[in-house]
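First up is the structure itself, then whatever we jot down about it.
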Amino acid sequence: MTRRSSFASPAPVHPNSGYSDFLVVENLVKAYPRPDGSSSVVLDGVNLTIGEDEYISIIGHSGCGKSTLLKIVAGLDSATSGSVRLEGREIRKPGSERMMVFQHYSLLPWLTVRENIRLAVDEVLKTATRAEKISIVNEHLSMVNLMAAADKYPDEISGGMKQRVGIARALATRPKVLLMDEPFGALDALTRGKLQRQVLDIWESHRQAVMMITHDVDEALYMSDRIVMMTNGPAATIGEILEVPFPHPRHIQELRERPEYYELRNHALNFLDHHFTQDD
Amino acid sequence: MAIQLNLAAIAVAVQAAWKKTKPLLIRETVLLPLAGFLGVLLLWWLIATFKSDLMPTPVEALVANLDYLLNPFYRRGPGDLGIGWLLIASLRRVLLGFSLGALVAIPAGFLIGMSRPAMLAINPLIQIFKPVSPLAWLPIALAIFNLADPSAIFVIFITSLWPTVINTALGVSSVSQDYLDVARVLEMPRWRQIFKIILPASLPYIFTGLRISLGIAWLVIVAVEMLTGGIGIGFFLWDEWNRLNLSSVFLAILVIGLTGLVLDYAMSRIQALVTHRSVSQSML
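First to last, the sequence lines map onto chains A and B.
Count along the first sequence starting at 1, add 4, and that's the number in the working numbering.
Count along the second sequence starting at 1, add 28, and that's the number in the working numbering.
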């Protein structure tokens, strides 16, 4: 089952997936103890290496432990065994070099858009001067086109705008790894497309390591360099890793015209369908 | 000419739009509440007309209270003050006791909400003392202070504790895990989390507690003053009853009710200012 995608070899290996050992997940196991003394295994032996400017997607059915994997990398949850290393250092607790974009935005409702981003900058960039902090906040506000809404409160703006704040907040702290937990999952289809484009624009101009969880095969194909496909839980693991050979910058219309796009898409969907029916 | 016609057309349209919305608004904000008041007045009038020895009619009550209403701030002797002064004396006791109560209750609520051992230690005390009528503390307060005024403030202090402690603890313990996760990925130290995340996130709960506390404190002060005497709206009410002056009792009830309404409204305004979020006006 863990064969590499056959699509990876003919396509030119694109220049950015330098497989340095930037972020390494090794033999990761996560299990929760049950009341009767046994344990329920959520993740069973996950191995994954991510390059320092690589965009990867993790896809799988609900309950396959992909959120748990992301939380362990973020340091919000701990592994039962195995390790996660960033630049050779073991990850045991949350840290600002791994910043999270939450599915439900997690903006603080008592702060304005600007203050939400400022809070993160204040906490992480402690050595910056006041003027530097103000300019970092403004720079990221304009990066996500939110200057006009900067002084509004989160309940006064739309879901798409909220997630843009979430992304700006995460990027403003200048993390080495951006972790996104279904960042577009709560948005309507039109807003989702626009925001995917915006995030891809930002990433294409400032490349960095991104781990994104998604349910959506098209989203994964459009945005990421590799797609990590998880088998179904319990005891989920990586079933297959799919290389997406399209060069950046990408355009969704151009992708849709390429036959490889549909081959990859069908392959991924077949994988997911197979694992879905197998489990039932 | 054409412009004039247009203006006239617009005026007609605007009037029509007003007619559609305005009657509804007036009906809901003026007519129906007025109907409620008129109904009660009518009932009072009927009872007073047929049982004139029991209570004065509304008009008789108004005439009898005219002096109080026109001169709320007179001083005619050491114990003979206008109703405005009495109200201020009662408000002073309530606000003092309530503020002291909040000063103790909010930190206590934080402690209970954040630490399980503290919760296990303090919760049984709250459960036992919460159902006790605050007036039951009056003898103990009098024994401690030997004076009416501090005793009344002490009773208000006790009264104000429980709702604020309970609501603060609830707010603190139910801060969304999402907000705490944000704080954790930002590597915020615990003490900064308290002020930057937990306090602002639980402010709506804290204010709910404070509003309930203030409401009960205002209920209790009237009863306390009836027992302790001295200057205040509660003792005024009891004193007027002893003089068989029922008209003034009606006046006192109305003043107490309106003041309670104003206190709650003021508290909701402060909440909206502090939390930057609109506050639902509770109807009851």
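Heads up, the beta-carbon is just placed ideally off N, CA and C, and yes, glycines get one too.
Since we're looking at a predicted model, the values are computed, not measured.
Residue i versus residue j: straight-line alpha-carbon distance, rounded
i, j, result
"B:Leu60", "B:Trp73", "20 Å"
"B:Ser80", "B:Phe235", "46 Å"
"B:Ala294", "B:Gly199", "22 Å"
"A:Phe188", "A:Ser82", "26 Å"
"B:Ala117", "B:Gly125", "13 Å"
"B:Pro100", "B:Trp113", "7 Å"
"B:Ile186", "B:Ser241", "10 Å"
"B:Ala180", "B:Asn93", "28 Å"
"A:Ile63", "B:Gln221", "33 Å"
"B:Ala280", "B:Gly260", "11 Å"
"B:Arg121", "A:Ser71", "55 Å"
"B:Val193", "B:Ser204", "19 Å"
"A:Leu199", "A:Met184", "13 Å"
"B:Leu69", "B:Leu53", "24 Å"
"A:Glu58", "A:Gly41", "40 Å"
"A:Ile231", "A:Val221", "9 Å"
"B:Tyr96", "B:Ile111", "6 Å"
"B:Ala136", "B:Val302", "21 Å"
Limits of the unbroken alpha helix (DSSP H) element including residue i
i, result
"A:Val214", "Premise fails: A:Val214 lies in the beta strand (DSSP E), Ala213 to Thr218, not in any alpha helix (DSSP H)."
"A:Gly86", "It is not in any alpha helix (DSSP H) - A:Gly86 instead sits in the beta strand (DSSP E) that spans Ser85 to Leu90."
"A:Val221", "Val221 to Met227"
"B:Met142", "Ile111 to Met142"
"B:Ile194", "Ala176 to Ser201"
"B:Trp266", "Ile261 to Asn270"
"B:Pro86", "Pro86 to Leu98"
Assumed close pair residue i, residue j - CB separation to whole angstroms, cut-off 8 Å
i, j, result
"A:Glu30", "A:Gly86", "6 Å"
"B:Phe278", "B:Ala89", "5 Å"
"A:Met147", "A:Ala172", "6 Å"
"A:Ile279", "A:Gly237", "First, the amino acid is wrong: residue 279 of chain A is His here, not Ile. Contact flag wrong, Cβ pair sits at about 10 Å."
"B:Ser188", "B:Ala146", "Their Cβ separation, rounded to whole angstroms, is 20 Å, which puts B:Ser188 and B:Ala146 out of contact at 8 Å."
"B:Ser201", "B:Gly141", "4 Å"
"B:Val213", "A:Pro113", "Their Cβ separation, rounded to whole angstroms, is 18 Å, which puts B:Val213 and A:Pro113 out of contact at 8 Å."
"A:Tyr164", "A:Thr195", "The identity of residue 164 of chain A in the sequence shown is Gly, whereas the question assumes Tyr. That pair is a contact at about 4 Å."
"B:Pro191", "B:Ile244", "7 Å"
"A:Val77", "A:Met215", "6 Å"
Reduced DSSP category for residue i - H, G, I as helix; E, B as strand; rest coil
i, result
"A:Val46", "strand"
"A:Glu244", "strand"
"A:Ile161", "coil"
"A:Asn236", "coil"
"A:Pro249", "coil"
"B:Thr77", "helix"
"A:Met151", "helix"
"B:Leu301", "helix"
"A:Asp185", "strand"
"A:Glu56", "coil"
"A:Ile95", "coil"
"A:Arg230", "strand"
"A:Asn142", "helix"
Burial state of residue i (16 or more Cβ within 10 Å)
i, result
"B:Val160", "exposed"
"B:Tyr207", "buried"
"B:Phe223", "exposed"
"B:Gly262", "buried"
"A:Glu127", "buried"
"A:Leu246", "buried"
"A:His210", "exposed"
"A:Gln257", "exposed"
"A:Asp155", "exposed"
"A:Pro158", "buried"
"A:Thr133", "exposed"
"A:Leu27", "buried"
"B:Gln155", "exposed"
Terminal residues of the beta strand (DSSP E) in which residue i lies
i, result
"A:Ile62", "Tyr59 to Ile63"
"A:Gly197", "Not the beta strand (DSSP E): A:Gly197 falls in the alpha helix (DSSP H), residues Ala193 to Ser209."
"B:Glu215", "First-last for B:Glu215: undefined, no H or E at that position."
"A:Ala35", "Leu27 to Pro37"
"A:Asp126", "Per DSSP, A:Asp126 belongs to no beta strand (DSSP E); it is in the alpha helix (DSSP H), Val117 to Val128."
"A:Arg102", "Arg102 to Val105"
Minimum Cβ-Cβ distance from residue i to chain D less than 8 Å
i, result
"A:Val141", "Among the protein chains of the structure shown, namely A and B, there is no chain D."
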